[in-house]
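Below is one structure; the comments refer to it alone.
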Amino acid sequence: EFYTLVEESSGVILETVSEDTAFMQLHPGAIYLHQGEPYLITDLDLESHTAYAKLTDAPYYTEVRDFTETRVLNVFKHKEAGTTTAYLGEVNVSIHVVGFKRKAHYTDDVLGEEYIQLPPQSFDTISLWFDVPPDTLRLIHDEKLDLAGGLHAVEHAAIGLLPLFALCDRNDIGGISTPLHPDTGKPQVFIHDGHPGGVGVAERGYEIIEELWQATYDVISGCPCEAGCPSCVHSPKCGNNNQPLDKEVAKLLLSAFLDL
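Following the working numbering, the numbering of the sequence shown begins with 16 at its first residue and continues without gaps.
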(Lines of atoms letter the chains of each structure in order from A and count residues from 1; the text may use other names and numbers.)
(Lines give C-alpha, C1' and ligand atoms only; values in the text may rest on other atoms or scores of the structure.)
Protein backbone atom coordinates (compact mmCIF):
# COMPACT_ATOMS: atom_id res chain seq x y z
CA GLU A 1 0.00 0.00 0.00
CA PHE A 2 1.13 3.55 -0.71
CA TYR A 3 0.59 6.97 0.83
CA THR A 4 0.50 10.31 -0.97
CA LEU A 5 2.30 13.35 0.44
CA VAL A 6 0.36 16.55 -0.28
CA GLU A 7 1.27 20.21 0.29
CA GLU A 8 -1.63 21.27 2.51
CA SER A 9 -2.28 24.81 1.25
CA SER A 10 -2.05 24.14 -2.51
CA GLY A 11 -3.09 20.50 -2.67
CA VAL A 12 -0.08 19.76 -4.87
CA ILE A 13 1.11 16.14 -4.69
CA LEU A 14 4.76 16.09 -3.63
CA GLU A 15 5.47 12.36 -3.78
CA THR A 16 4.19 8.87 -3.08
CA VAL A 17 5.78 6.62 -0.46
CA SER A 18 5.27 3.10 0.86
CA GLU A 19 3.21 2.51 4.00
CA ASP A 20 6.25 1.66 6.11
CA THR A 21 7.94 4.90 5.06
CA ALA A 22 4.77 6.84 5.81
CA PHE A 23 4.49 5.50 9.35
CA MET A 24 8.19 6.05 10.10
CA GLN A 25 8.70 9.42 8.37
CA LEU A 26 5.30 11.02 7.67
CA HIS A 27 3.70 10.79 11.10
CA PRO A 28 2.16 14.01 12.50
CA GLY A 29 4.90 16.31 13.78
CA ALA A 30 7.65 14.78 11.65
CA ILE A 31 10.14 16.87 9.69
CA TYR A 32 10.42 15.34 6.22
CA LEU A 33 12.91 16.35 3.54
CA HIS A 34 11.46 16.59 0.03
CA GLN A 35 13.91 17.57 -2.71
CA GLY A 36 16.15 19.10 -0.05
CA GLU A 37 13.39 21.23 1.49
CA PRO A 38 12.15 20.56 5.06
CA TYR A 39 8.42 20.01 5.47
CA LEU A 40 6.45 19.71 8.70
CA ILE A 41 3.90 16.89 8.57
CA THR A 42 0.63 18.28 9.91
CA ASP A 43 -1.62 15.24 9.49
CA LEU A 44 -1.59 11.61 8.40
CA ASP A 45 -5.00 10.39 7.21
CA LEU A 46 -5.03 6.61 7.52
CA GLU A 47 -8.32 6.21 5.64
CA SER A 48 -7.37 8.16 2.53
CA HIS A 49 -3.68 7.20 2.77
CA THR A 50 -2.68 10.86 2.59
CA ALA A 51 -0.10 12.86 4.53
CA TYR A 52 -0.32 16.66 4.63
CA ALA A 53 2.73 18.90 4.93
CA LYS A 54 3.87 22.51 4.86
CA LEU A 55 7.27 24.10 4.39
CA THR A 56 9.06 24.88 7.63
CA ASP A 57 12.20 26.56 8.91
CA ALA A 58 12.16 24.63 12.18
CA PRO A 59 15.64 24.47 13.78
CA TYR A 60 15.33 20.76 14.47
CA TYR A 61 14.84 17.36 12.90
CA THR A 62 12.77 14.46 14.19
CA GLU A 63 13.75 10.94 15.21
CA VAL A 64 11.07 8.26 15.43
CA ARG A 65 10.71 5.77 18.28
CA ASP A 66 9.29 2.32 17.64
CA PHE A 67 9.03 -1.18 19.03
CA THR A 68 9.78 -4.12 16.75
CA GLU A 69 8.93 -7.77 17.27
CA THR A 70 10.14 -10.65 15.09
CA ARG A 71 8.58 -14.12 15.09
CA VAL A 72 10.05 -17.13 13.30
CA LEU A 73 7.61 -18.66 10.80
CA ASN A 74 9.85 -21.14 8.99
CA VAL A 75 13.52 -22.15 9.01
CA PHE A 76 14.68 -22.69 5.42
CA LYS A 77 18.21 -23.82 6.21
CA HIS A 78 21.05 -23.54 8.67
CA LYS A 79 24.80 -23.99 8.60
CA GLU A 80 27.82 -24.05 10.85
CA ALA A 81 29.56 -20.69 10.58
CA GLY A 82 32.66 -19.91 12.57
CA THR A 83 32.10 -21.34 16.04
CA THR A 84 28.31 -21.10 15.94
CA THR A 85 25.21 -21.69 13.78
CA ALA A 86 23.56 -19.30 11.32
CA TYR A 87 20.00 -19.64 10.02
CA LEU A 88 17.93 -18.39 7.09
CA GLY A 89 14.16 -18.40 7.17
CA GLU A 90 10.84 -16.61 7.00
CA VAL A 91 9.82 -14.29 9.81
CA ASN A 92 6.94 -12.01 10.67
CA VAL A 93 8.00 -8.49 11.57
CA SER A 94 5.68 -6.23 13.56
CA ILE A 95 6.66 -2.56 13.91
CA HIS A 96 4.78 -0.18 16.20
CA VAL A 97 5.63 3.53 16.00
CA VAL A 98 5.07 5.01 19.47
CA GLY A 99 6.59 8.49 19.37
CA PHE A 100 9.34 10.80 18.20
CA LYS A 101 11.95 13.24 19.44
CA ARG A 102 12.78 16.73 18.22
CA LYS A 103 16.55 17.15 18.04
CA ALA A 104 18.40 20.40 17.34
CA HIS A 105 20.42 20.77 14.19
CA TYR A 106 24.20 20.74 14.70
CA THR A 107 24.07 19.89 18.44
CA ASP A 108 21.56 16.99 18.45
CA ASP A 109 20.18 18.32 21.76
CA VAL A 110 16.74 16.89 22.54
CA LEU A 111 14.22 19.73 22.37
CA GLY A 112 11.13 17.67 23.11
CA GLU A 113 9.47 14.30 22.82
CA GLU A 114 5.94 13.33 21.84
CA TYR A 115 4.02 10.08 21.95
CA ILE A 116 1.80 9.12 19.03
CA GLN A 117 -0.56 6.26 18.31
CA LEU A 118 -0.35 4.54 14.95
CA PRO A 119 -1.52 1.00 14.21
CA PRO A 120 1.28 -1.59 14.11
CA GLN A 121 2.57 -2.69 10.73
CA SER A 122 3.07 -6.38 10.17
CA PHE A 123 4.66 -8.17 7.23
CA ASP A 124 6.32 -11.48 6.40
CA THR A 125 9.85 -11.35 5.04
CA ILE A 126 13.18 -13.20 4.93
CA SER A 127 15.73 -13.01 7.72
CA LEU A 128 19.06 -14.41 8.81
CA TRP A 129 19.87 -14.98 12.46
CA PHE A 130 22.62 -16.61 14.47
CA ASP A 131 23.36 -18.17 17.85
CA VAL A 132 25.87 -17.20 20.52
CA PRO A 133 28.36 -19.96 21.47
CA PRO A 134 27.49 -21.46 24.90
CA ASP A 135 30.99 -20.85 26.28
CA THR A 136 30.70 -17.17 25.40
CA LEU A 137 27.31 -16.94 27.07
CA ARG A 138 28.73 -18.45 30.24
CA LEU A 139 31.62 -15.98 30.22
CA ILE A 140 29.27 -13.02 29.77
CA HIS A 141 27.03 -14.32 32.57
CA ASP A 142 29.92 -15.01 34.95
CA GLU A 143 31.50 -11.61 34.33
CA LYS A 144 28.10 -9.88 34.60
CA LEU A 145 28.57 -8.23 31.21
CA ASP A 146 25.82 -6.54 29.17
CA LEU A 147 24.64 -9.25 26.76
CA ALA A 148 21.71 -7.18 25.46
CA GLY A 149 23.97 -4.20 24.77
CA GLY A 150 26.52 -6.36 22.98
CA LEU A 151 23.94 -8.06 20.77
CA HIS A 152 22.35 -4.70 19.96
CA ALA A 153 25.73 -3.24 18.98
CA VAL A 154 26.51 -6.23 16.74
CA GLU A 155 23.10 -5.85 15.08
CA HIS A 156 23.60 -2.14 14.35
CA ALA A 157 27.12 -2.47 13.00
CA ALA A 158 26.33 -5.52 10.86
CA ILE A 159 23.28 -3.83 9.34
CA GLY A 160 25.42 -0.79 8.54
CA LEU A 161 27.98 -2.94 6.71
CA LEU A 162 25.73 -5.43 4.90
CA PRO A 163 25.05 -2.97 2.02
CA LEU A 164 28.74 -3.29 1.10
CA PHE A 165 28.11 -6.96 0.31
CA ALA A 166 24.48 -6.89 -0.87
CA LEU A 167 24.45 -3.69 -2.97
CA CYS A 168 21.43 -2.27 -1.20
CA ASP A 169 20.57 0.72 0.96
CA ARG A 170 20.66 0.59 4.75
CA ASN A 171 16.97 1.47 4.71
CA ASP A 172 16.29 -1.83 2.91
CA ILE A 173 17.37 -3.73 6.03
CA GLY A 174 15.85 -4.14 9.47
CA GLY A 175 16.87 -6.03 12.54
CA ILE A 176 16.24 -6.93 16.13
CA SER A 177 18.39 -8.39 18.89
CA THR A 178 17.28 -10.03 22.10
CA PRO A 179 18.91 -11.91 24.98
CA LEU A 180 16.04 -14.41 24.86
CA HIS A 181 13.87 -14.93 21.78
CA PRO A 182 10.48 -16.58 22.41
CA ASP A 183 10.68 -18.84 19.36
CA THR A 184 14.24 -20.08 19.78
CA GLY A 185 14.70 -19.85 23.53
CA LYS A 186 18.16 -18.36 22.94
CA PRO A 187 19.92 -15.00 22.56
CA GLN A 188 19.57 -13.96 18.95
CA VAL A 189 20.43 -11.31 16.38
CA PHE A 190 18.02 -11.08 13.43
CA ILE A 191 18.85 -9.16 10.25
CA HIS A 192 15.89 -9.10 7.88
CA ASP A 193 14.78 -7.64 4.58
CA GLY A 194 12.83 -4.47 5.15
CA HIS A 195 10.26 -5.30 2.48
CA PRO A 196 7.45 -7.88 2.44
CA GLY A 197 8.55 -11.15 0.88
CA GLY A 198 12.21 -10.18 0.91
CA VAL A 199 14.45 -8.91 -1.88
CA GLY A 200 17.50 -11.12 -1.37
CA VAL A 201 19.42 -9.01 1.14
CA ALA A 202 19.14 -11.40 4.09
CA GLU A 203 19.92 -14.36 1.85
CA ARG A 204 23.10 -12.64 0.69
CA GLY A 205 24.00 -11.90 4.29
CA TYR A 206 23.54 -15.56 5.19
CA GLU A 207 25.83 -16.60 2.34
CA ILE A 208 28.68 -14.35 3.47
CA ILE A 209 27.98 -14.30 7.21
CA GLU A 210 31.59 -14.91 8.26
CA GLU A 211 32.81 -12.10 6.00
CA LEU A 212 30.14 -9.85 7.50
CA TRP A 213 31.22 -10.74 11.04
CA GLN A 214 34.86 -10.04 10.16
CA ALA A 215 34.05 -6.67 8.59
CA THR A 216 31.88 -5.80 11.58
CA TYR A 217 34.64 -6.75 14.02
CA ASP A 218 37.20 -4.73 12.06
CA VAL A 219 35.03 -1.59 12.10
CA ILE A 220 34.15 -1.82 15.79
CA SER A 221 37.66 -2.69 16.99
CA GLY A 222 39.22 -0.09 14.71
CA CYS A 223 37.00 2.78 15.86
CA PRO A 224 38.84 5.02 18.37
CA CYS A 225 35.71 5.93 20.35
CA GLU A 226 35.39 4.61 23.90
CA ALA A 227 31.79 3.49 24.17
CA GLY A 228 30.30 3.55 20.67
CA CYS A 229 29.52 6.26 18.14
CA PRO A 230 27.80 6.76 14.76
CA SER A 231 30.92 5.46 13.02
CA CYS A 232 30.64 2.02 14.61
CA VAL A 233 27.61 0.87 16.64
CA HIS A 234 25.12 3.75 16.70
CA SER A 235 22.27 3.63 14.18
CA PRO A 236 20.26 6.61 12.90
CA LYS A 237 17.28 4.26 12.49
CA CYS A 238 17.24 2.86 16.02
CA GLY A 239 13.80 3.08 17.60
CA ASN A 240 15.27 2.52 21.07
CA ASN A 241 17.47 5.63 21.15
CA ASN A 242 20.58 3.49 20.67
CA GLN A 243 20.16 1.89 24.09
CA PRO A 244 21.48 -0.40 25.37
CA LEU A 245 24.77 -0.63 23.48
CA ASP A 246 28.02 -2.20 24.64
CA LYS A 247 30.94 -1.90 22.24
CA GLU A 248 33.29 -4.13 24.25
CA VAL A 249 30.78 -6.98 24.51
CA ALA A 250 30.11 -6.65 20.77
CA LYS A 251 33.84 -7.17 20.14
CA LEU A 252 33.80 -10.15 22.49
CA LEU A 253 30.85 -11.73 20.66
CA LEU A 254 32.31 -11.21 17.19
CA SER A 255 35.73 -12.50 18.20
CA ALA A 256 33.98 -15.59 19.61
CA PHE A 257 32.04 -16.16 16.37
CA LEU A 258 35.27 -15.92 14.39
CA ASP A 259 37.43 -17.78 16.95
CA LEU A 260 39.93 -14.92 17.01
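Backbone N, C-alpha and C fix where the C-beta goes; we use that ideal spot for every residue, glycine too.
Find out if the Cβ-Cβ distance for the pair Glu225, Ala96 is shorter than 7 Å.
Taking the sequence shown and counting its residues from 1, one reaches residue 225 at position 210. Taking the sequence shown and counting its residues from 1, one reaches residue 96 at position 81. Yes, Cβ-Cβ distance for Glu225 and Ala96 is below 7 Å.
What runs of the beta strand (DSSP E), each 3 residues or longer, lie entirely inside the stretch 182-249?
188-193, 203-208
Could you say which of Lys252, Glu84, Gly44, Leu103 lies nearest to Ala217 if we only look at CA atoms?
Taking the first residue of the sequence shown as position 1, residue 217 is located at position 202. Measuring from the Cα of Ala217, the nearest candidate turns out to be Leu103.
Cutoff 8 Å; reference Pro211; Cβ partners in own chain excluding five residues on either side
Counted from its first residue, the sequence shown places residue 211 at position 196. Cβ neighbours of Pro211 beyond the five flanking positions: Phe138, Asp139, Thr140.
My parser needs the beta strand (DSSP E) runs of 3 or more residues fully inside the stretch 33-80; what are they?
46-49, 52-60, 65-70
Cβ-Cβ distance between Val169 and Leu273 below 7 Å
What you label residue 169 is simply residue 154 of the sequence shown in a count that begins at 1. What you label residue 273 is simply residue 258 of the sequence shown in a count that begins at 1. No, Cβ-Cβ distance for Val169 and Leu273 is not below 7 Å.
Where Gly97 sits in the DSSP three-state scheme
Counted from its first residue, the sequence shown places residue 97 at position 82. Gly97: coil per DSSP, three-state reduction.
Short Cβ contact (7 Å threshold) for Lys262 with Ala242:
Taking the first residue of the sequence shown as 1, we reach residue 262 at position 247. Taking the first residue of the sequence shown as 1, we reach residue 242 at position 227. Going by C-beta atoms, Lys262 is nearer than 7 Å to Ala242.
Taking buried to mean at least 16 other C-beta atoms within 10 Å of its own C-beta, is Arg117 buried or exposed?
On the sequence shown, residue 117 is found 102 positions in, with the first residue counted as 1. That one is buried.
Can the beta-carbon of Arg80 be found less than 7 Å from the beta-carbon of Val125?
Locating residue 80 in the sequence shown gives position 65, where the first residue counts as 1. Locating residue 125 in the sequence shown gives position 110, where the first residue counts as 1. Not a contact, by the Cβ cut-off of 7 Å.
Would you mind giving the Cβ-Cβ distance between Leu133 and His42, rounded to the nearest angstrom? I have them listed as a contact below 8 Å.
Here the question's residue 133 lines up with position 118 in the sequence shown. Here the question's residue 42 lines up with position 27 in the sequence shown. With 8 Å as the limit, Leu133 and His42 qualify as a contact, their Cβ atoms being about 6 Å apart.
What is the C-beta distance between Gly164 and Pro259, in whole angstroms, given that I count them as a contact (C-beta under 8 Å)?
The residue labelled residue 164 in the question sits at position 149 within the sequence shown. The residue labelled residue 259 in the question sits at position 244 within the sequence shown. About 4 Å; that satisfies the 8 Å criterion.
CB contact flag (Pro206, Leu143, <7 Å)
Counting from 1 along the sequence shown, the entry for residue 206 is found at position 191. Counting from 1 along the sequence shown, the entry for residue 143 is found at position 128. Note on residue identity: the sequence assigns Ile, not Pro, to residue 206. Their beta carbons are under 7 Å apart, which means Ile206 touches Leu143 by this criterion.
How close, in whole Å, do the beta carbons of Ser109 and Thr77 come, if the pair is a contact with beta carbons under 8 Å?
Translated into the one-based positions of the sequence shown, residue 109 becomes position 94. Translated into the one-based positions of the sequence shown, residue 77 becomes position 62. Not quite, the Cβ-Cβ distance comes to about 22 Å (not below 8 Å), so this is no contact.
8 Å contact criterion, which Val106 and Thr199 should meet: CB distance rounded:
Along the sequence shown, one-based indexing puts residue 106 at 91. Along the sequence shown, one-based indexing puts residue 199 at 184. Actually they are not in contact, since the Cβ atoms of Val106 and Thr199 sit about 11 Å apart, beyond 8 Å.
Can the beta-carbon of Ser192 be found less than 7 Å from the beta-carbon of Leu166?
Along the sequence shown, read from residue 1 onward, the residue named residue 192 stands at position 177. Along the sequence shown, read from residue 1 onward, the residue named residue 166 stands at position 151. Cβ distance < 7 Å, so Ser192 and Leu166 count as in contact.
Go through its chain and collect everything with a Cβ distance to Val27's Cβ below 8 Å, but skip five positions before and after it.
Indexing the sequence shown from 1 puts residue 27 at position 12. Here the set comprises Val21.
Would you mind stating whether Ala173 and Val248 have Cβ atoms separated by less than 7 Å?
Your numbering for residue 173 matches position 158 in the sequence shown. Your numbering for residue 248 matches position 233 in the sequence shown. No. Outside cutoff.
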